[in-house]
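A.B. asks: The structure under discussion is supplied below as structure tokens; questions concerning it will follow.
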Amino acid sequence: MPPDATDSPCAPGAGVLPGGARRVSLRRAPAGDVWAAAPGPAEVLPGGSGGVATLTAPAPPLPPRTGRRAHARAKVRGEGRGFLARAAAVTAGLTAAGALLGLVRDQILAGYFGAGAETDAFLVAWTVPEFASTLLIEDAMALILVPAFSRALARRPAALAGDPVRELVRGTLPRLTLVVGVVAAFLVAAAPAVVDLLAPGLSDRALAVDCVRLTATCVLTFALVGYCSAALRAHHVFLPPATIYVAYNVGIIGAMVLLREPWGVRSAAAGVAVGGVFMVLVQLPALLRELRTRPGPERPAAGAAGEGRLVVVGLIAPVVAFSLIRQSQTLIERFLAAPLPSGAISHLNYAQKIAQMPMILSLMLCTVSFPMVARALAAGDPEGARRRVERDLLAAAVVVLAGAAVVIATAPRIVELLFQRGEFGRADTVATAAVMRVYALGLLGQTMVGALVRCYFSAARPLWYPAAAMAAGLAATAAAGVPGAAAWGAVGIAAANAAGITLTAVLLLRGAHRQTVPVRSGPLGEDLLRLAGAAAGATGAGWLCSVAIGPAALAVAVAAFAAVAVLLLFLACSPRAPELPLLPRFSTRRRRTAHGRPHRAAPPAADASPVGGDVPLGHGHR
Numbered sequence: 037m038p039p040d041a042t043d044s045p046c047a048p049g050a051g052v053l054p055g056g057a058r059r060v061s062l063r064r065a066p067a068g069d070v071w072a073a074a075p076g077p078a079e080v081l082p083g084g085s086g087g088v089a090t091l092t093a094p095a096p097p098l099p100p101r102t103g104r105r106a107h108a109r110a111k112v113r114g115e116g117r118g119f120l121a122r123a124a125a126v127t128a129g130l131t132a133a134g135a136l137l138g139l140v141r142d143q144i145l146a147g148y149f150g151a152g153a154e155t156d157a158f159l160v161a162w163t164v165p166e167f168a169s170t171l172l173i174e175d176a177m178a179l180i181l182v183p184a185f186s187r188a189l190a191r192r193p194a195a196l197a198g199d200p201v202r203e204l205v206r207g208t209l210p211r212l213t214l215v216v217g218v219v220a221a222f223l224v225a226a227a228p229a230v231v232d233l234l235a236p237g238l239s240d241r242a243l244a245v246d247c248v249r250l251t252a253t254c255v256l257t258f259a260l261v262g263y264c265s266a267a268l269r270a271h272h273v274f275l276p277p278a279t280i281y282v283a284y285n286v287g288i289i290g291a292m293v294l295l296r297e298p299w300g301v302r303s304a305a306a307g308v309a310v311g312g313v314f315m316v317l318v319q320l321p322a323l324l325r326e327l328r329t330r331p332g333p334e335r336p337a338a339g340a341a342g343e344g345r346l347v348v349v350g351l352i353a354p355v356v357a358f359s360l361i362r363q364s365q366t367l368i369e370r371f372l373a374a375p376l377p378s379g380a381i382s383h384l385n386y387a388q389k390i391a392q393m394p395m396i397l398s399l400m401l402c403t404v405s406f407p408m409v410a411r412a413l414a415a416g417d418p419e420g421a422r423r424r425v426e427r428d429l430l431a432a433a434v435v436v437l438a439g440a441a442v443v444i445a446t447a448p449r450i451v452e453l454l455f456q457r458g459e460f461g462r463a464d465t466v467a468t469a470a471v472m473r474v475y476a477l478g479l480l481g482q483t484m485v486g487a488l489v490r491c492y493f494s495a496a497r498p499l500w501y502p503a504a505a506m507a508a509g510l511a512a513t514a515a516a517g518v519p520g521a522a523a524w525g526a527v528g529i530a531a532a533n534a535a536g537i538t539l540t541a542v543l544l545l546r547g548a549h550r551q552t553v554p555v556r557s558g559p560l561g562e563d564l565l566r567l568a569g570a571a572a573g574a575t576g577a578g579w580l581c582s583v584a585i586g587p588a589a590l591a592v593a594v595a596a597f598a599a600v601a602v603l604l605l606f607l608a609c610s611p612r613a614p615e616l617p618l619l620p621r622f623s624t625r626r627r628r629t630a631h632g633r634p635h636r637a638a639p640p641a642a643d644a645s646p647v648g649g650d651v652p653l654g655h656g657h658r
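Here it is as structure tokens:
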């Protein structure tokens, strides 16, 4: 019996003692974390070493919902105030560091090798890590394993034998390693066919084949990286997963600097292989530490083996299909750009890398909160998950639209500031900036796809709708890309990409209200349209500042400040702007009472608490 058991609530009717007090029996529940009151006679065991004890106290009523699931919900709600903000801040800082190193990497690549045939050959090989990163780190692995680990963690307190988390690892990690190892070996052997498939007619095919053989090793390392990241985030450990792209870019930059002279652009491909190893090493100690936190017998826990089979068989097909189709947009871009003049693939690559930075930043909050949404569903709280998702979507939209406004307004100055040096000339700046502006038109769609798909894959059942929506967007990209490339070159390809991903986002939003996390698509769509209108005004303000100021760095800084200020002013002052608890509101909506006097309308109860305070949050099993 715990030391503070005298403060525990007691059930009435258990027997009356002198003075009006009642006698009850407290019995420990099977799970070991709930004290249940049992009426009737009780015996005081010497030294308190039994399962039954006698207690005298006033008799308040039993608290509602003493079941295990309600207890788990109450426990999760009681923890983690401010945890989401801290986790998002850590992830934001390290993601920004990784993005900065990514810019340095691209600057070194552009300065060393320019935007010609040699760089095009490497970027064809770069398709392999791009594809593997989306499939194995960012999308499929996380969407499959974060809910699976969340369910295993939810079963941990009730497991009478074994550890569900360890059994999940035993049932999935060896199979995954074997499968992706075979795929990596196949890509190394089939590198010439891969180059012909990705970029037929490429000017330097032999160089591209060498680079593909080096980058194909990342298929194995990225799979291990994604596995570690998903497991750690499900445990609410975010620091090591946030460092992976810092480690990755350090490997690539170091290889280019050290091996440039003997290997040329092949040094960048070797850096991809080295960076993949670094990504595994920065996470492995933390994962091993988490798996050691709850020792248990080797006998499998009930349901753990079934969970492993579910991960392998049940969820993997629709999630992998979605991720493959999503990343195939890059394949279509490279395929359509290969016959264009040399440098088209490079211009698309540099433009995409810069334009997508706002999207990467906007999805950080969704990355942090996705394990919490899965944990809320495991605890039986879909309403809390819905509120969390809707607020995340609006917050991500604000971030990405502010970034898109800055990119569109200042694209030539950004490219001039970042890349125009060495082999990267003024003509490359103009071409890259034109593509970047068009890419930015699809950033909101990119963010919505990345955020909404978590609603579909948070539960334990496979869903094919996201793959079908992504296939429709891919078909639109291909249909618009062929005439677009013929008429406008790389700019037409970028426009087709923006159109396709926007169509996918609309389809996912329209179908979200029927899923496990029932997002209200109508009101959310209206809020997104208002934010897009405000972002258009912010773009105009940023453009005026950009053309009026001479130095590139100062022009970008002032234009960014003006664009962000206009968007935030809209959010703070417009009576029809989406309400985000992250921001103050200067306008107040008023209602009239029956006496005709205006009063401020009280906010709904669901919105009264700060971000992270109205949904189940917790630190996991640390």
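Each residue of the sequence shown is one higher than the last, beginning at 37 in the working numbering. Heads up, the beta-carbon is just placed ideally off N, CA and C, and yes, glycines get one too. Remember, it's a predicted structure, so these values are computed and weren't measured experimentally.
(1) Leaving aside the five residues before and after Ala-322 along the sequence, list all residues of the same chain whose C-beta is less than 7 Å from its C-beta, in chain order.
(2) Using a Cβ-based criterion (distance less than 7 Å to any ligand heavy atom), does Val-301 qualify as near the ligand NAD?
(3) What is the DSSP secondary structure of Pro-448, counted as helix, strand or coil?
(4) My guess is that Arg-191 and Pro-200 are in contact by the Cβ rule of under 8 Å, so how many angstroms apart are they, rounded?
(5) Should Ala-433 go down as buried or exposed, given a rule of 16 or more other Cβ atoms within 10 Å for buried?
(6) Check Ile-529 in the structure and name its three-state DSSP category.
(7) Closer than 8 Å is the cut-off here; do at least three beta carbon pairs connect the segment 498–511 with the segment 352–362?
(8) Within the continuous alpha helix (DSSP H) that includes Ala-593, where are the two ends?
(9) Taking the C-alpha atoms as reference points, what is the distance between Val-126 and Ala-133?
(10) Could you tell me if Cys-609 is buried or exposed, where buried requires 16 or more neighbouring beta carbons within 10 angstroms of its beta carbon?
(11) Within the same chain, show all residues whose beta-carbon is closer than 8 Å to that of Leu-137, passing over the 5 residues directly before and after it, in chain order.
(12) Given a cut-off of 8 Å, decide if Arg-370 and Ala-235 are closer than it, judged by their beta-carbon atoms.
(13) Nearest-angstrom Cα distance between Thr-483 and Leu-372?
(14) On a Cα-Cα basis, can you pick out the residue from Ala-387, Ala-505, Gly-312 that is closest to Pro-165?
(15) Can you give the beta carbon distance from Ala-153 to Asp-246, rounded, assuming they're within the 8 Å contact cut?
(16) Which runs of the beta strand (DSSP E) spanning at least 3 residues fall entirely within the segment 455–490, listed in chain order?
(17) How should Pro-407 be labelled, buried or exposed, when 16 other C-beta atoms within 10 angstroms of its C-beta is the threshold for buried?
(18) So the alpha helix (DSSP H) Leu-172 belongs to, where does it begin and stop?
(19) Would you be able to state if there are at least three C-beta pairs under 8 Å between the segment 143–159 and the segment 450–463?
(20) Report yes if the C-beta distance between Met-661 and Ala-304 is below 8 Å; otherwise report no.
(21) Should the segment 458–474 be regarded as contacting the segment 583–602, the criterion being three or more beta carbon pairs within less than 8 Å?
(22) What's the gap between the Cα of Gly-217 and the Cα of Thr-253?
(23) Please classify Phe-493 as buried or exposed, where buried requires at least 16 other C-beta atoms within 10 Å of its C-beta.
(24) Helix, strand or coil for Leu-294? Go by DSSP, reduced to three states.
(25) What's the gap between the Cα of Leu-543 and the Cα of Thr-170?
(26) What ranges does the alpha helix (DSSP H) occupy inside the segment 255–281, keeping only unbroken runs of at least 4 residues that lie completely in it?
(27) Quick one: what does DSSP say Arg-328 is sitting in, helix, strand or coil?
(28) For Ala-508 versus Ala-535, is the C-beta distance shorter than 8 Å?
(29) Using C-beta distances below 6 Å, list every residue in its chain close to Ala-505, excluding the 5 sequence neighbours before and after it, in chain order.
(30) Taking only runs that begin and end inside the segment 179–262, name each unbroken beta strand (DSSP E) of 3 or more residues, in chain order.
(31) Who are the Cβ neighbours of Ala-151 in its own chain at under 7 Å, not counting the five residues just before and after it?
(32) How is the alpha helix (DSSP H) around Asp-563 delimited, first residue to last?
(33) Measuring CB to CB, does Thr-279 end up less than 8 Å from Val-219?
(34) For a test of the three-state rule: what should DSSP assign to Val-553, helix, strand or coil?
(35) Might you give, ordered along the chain, the residues of its own chain that have their beta carbon closer than 6 Å to the beta carbon of Val-451, omitting 5 neighbours on each side?
(36) With distance defined between alpha-carbon atoms, name the residue in Met-472, Pro-519, Phe-167 nearest to Ala-440.
C.D. replies: In short, the structure shows the following:
(1) The count along the sequence shown starts at 1 and reaches residue 322 at position 286. Correct list, in chain order: Leu-268, Val-273, Pro-276.
(2) This structure lacks the ligand NAD; in fact it carries no ligand of any kind.
(3) Here residue 448 is taken as the residue at index 412 of the sequence shown, counted from 1. Looking at Pro-448 - three-state DSSP - the assignment turns out to be helix.
(4) Counted from its first residue, the sequence shown places residue 191 at position 155. Counted from its first residue, the sequence shown places residue 200 at position 164. That belief holds up - the Cβ atoms of Arg-191 and Pro-200 are roughly 5 Å apart, short of 8 Å.
(5) For the purposes of this step, residue 433 is identified with residue 397 of the sequence shown, where counting begins at 1. The residue is buried, with at least 16 neighbouring Cβ atoms inside 10 Å.
(6) Translated into the one-based positions of the sequence shown, residue 529 becomes position 493. The answer is helix: DSSP assigns Ile-529 an H, G or I state.
(7) yes
(8) In the sequence shown, counting from the first residue as 1, residue 593 sits at position 557. From DSSP, the alpha helix (DSSP H) with Ala-593 extends over 588–609.
(9) To locate residue 126, count along the sequence shown from 1; it is residue 90. To locate residue 133, count along the sequence shown from 1; it is residue 97. Rounded to whole angstroms, Val-126 to Ala-133 spans 11 Å at the Cα level.
(10) Here residue 609 is taken as the residue at index 573 of the sequence shown, counted from 1. Counting Cβ neighbours within 10 Å, Cys-609 comes out exposed, since fewer than 16 surround it.
(11) Residue numbering aside, residue 137 sits at position 101 when the sequence shown is read from its first letter. So the list reads Tyr-281, Val-282, Asn-285, Val-286, Ile-289, once near-sequence residues are dropped.
(12) Locating residue 235 in the sequence shown gives position 199, counting from the first residue. Locating residue 370 in the sequence shown gives position 334, counting from the first residue. Yes. Within cutoff.
(13) Here residue 483 refers to the residue found at position 447 when the sequence shown is read from its first residue. Here residue 372 refers to the residue found at position 336 when the sequence shown is read from its first residue. Spanning the two alpha carbons is a distance of roughly 24 Å.
(14) Residue numbering aside, residue 165 sits at position 129 when the sequence shown is read from its first letter. Considering only alpha carbons, the answer is Gly-312.
(15) Locating residue 153 in the sequence shown gives position 117, where the first residue counts as 1. Locating residue 246 in the sequence shown gives position 210, where the first residue counts as 1. 14 Å between Cβ atoms; not a contact.
(16) Those beta strand (DSSP E) runs which fall completely within the segment 455–490 and span 3+ residues do not exist here.
(17) Against the sequence shown, residue 407 aligns to sequence position 371. It counts as buried.
(18) Along the sequence shown, read from residue 1 onward, the residue named residue 172 stands at position 136. First-last for Leu-172: undefined, no H or E at that position.
(19) yes
(20) Outside the shown range of the chain, which is 37 to 658, sits residue 661, and nothing can be said about it.
(21) no
(22) Mapped onto the sequence shown, residue 217 falls at position 181. Mapped onto the sequence shown, residue 253 falls at position 217. Looking at the two C-alpha atoms, the distance is approximately 9 Å.
(23) What you label residue 493 is simply residue 457 of the sequence shown in a count that begins at 1. Buried.
(24) Locating residue 294 in the sequence shown gives position 258, counting from the first residue. Residue state, collapsed to three classes: helix.
(25) In the sequence shown, counting from the first residue as 1, residue 543 sits at position 507. In the sequence shown, counting from the first residue as 1, residue 170 sits at position 134. Cα to Cα, the separation comes out at about 21 Å.
(26) 275–278
(27) Taking the sequence shown and counting its residues from 1, the one referred to as residue 328 is at position 292. In the structure shown, Arg-328 sits in coil (DSSP, three-state: anything other than H, G, I, E or B).
(28) Numbered from 1 along the sequence shown, position 472 holds the residue referred to as residue 508. Numbered from 1 along the sequence shown, position 499 holds the residue referred to as residue 535. Going by C-beta atoms, Ala-508 is not nearer than 8 Å to Ala-535.
(29) On the sequence shown, residue 505 is found 469 positions in, with the first residue counted as 1. For Ala-505, the CB contacts under 6 Å within the same chain, skipping 5 residues up- and downstream, are Thr-540, Leu-543, Leu-544 in chain order.
(30) none
(31) Position 115 of the sequence shown, counted from the start, is the residue given in the question as residue 151. Taken in chain order, the residues that qualify are Gly-379, Ser-382, His-383, Phe-460, Asp-464.
(32) As a working mapping, residue 563 is identified with position 527 in the sequence shown. Where Asp-563 is concerned, the enclosing alpha helix (DSSP H) stretches over 557–584.
(33) Against the sequence shown, residue 279 aligns to sequence position 243. Against the sequence shown, residue 219 aligns to sequence position 183. It is not a contact, given that the beta carbons lie outside the stated cut-off.
(34) Here the question's residue 553 lines up with position 517 in the sequence shown. Val-553 falls in the coil class under three-state DSSP.
(35) Translated into positions along the sequence shown, residue 451 becomes position 415. These residues qualify, in order along the chain: Thr-465, Thr-468, Ala-469.
(36) Locating residue 440 in the sequence shown gives position 404, counting from the first residue. Ala-440 has its Cα closest to that of Met-472, out of Met-472, Pro-519, Phe-167.
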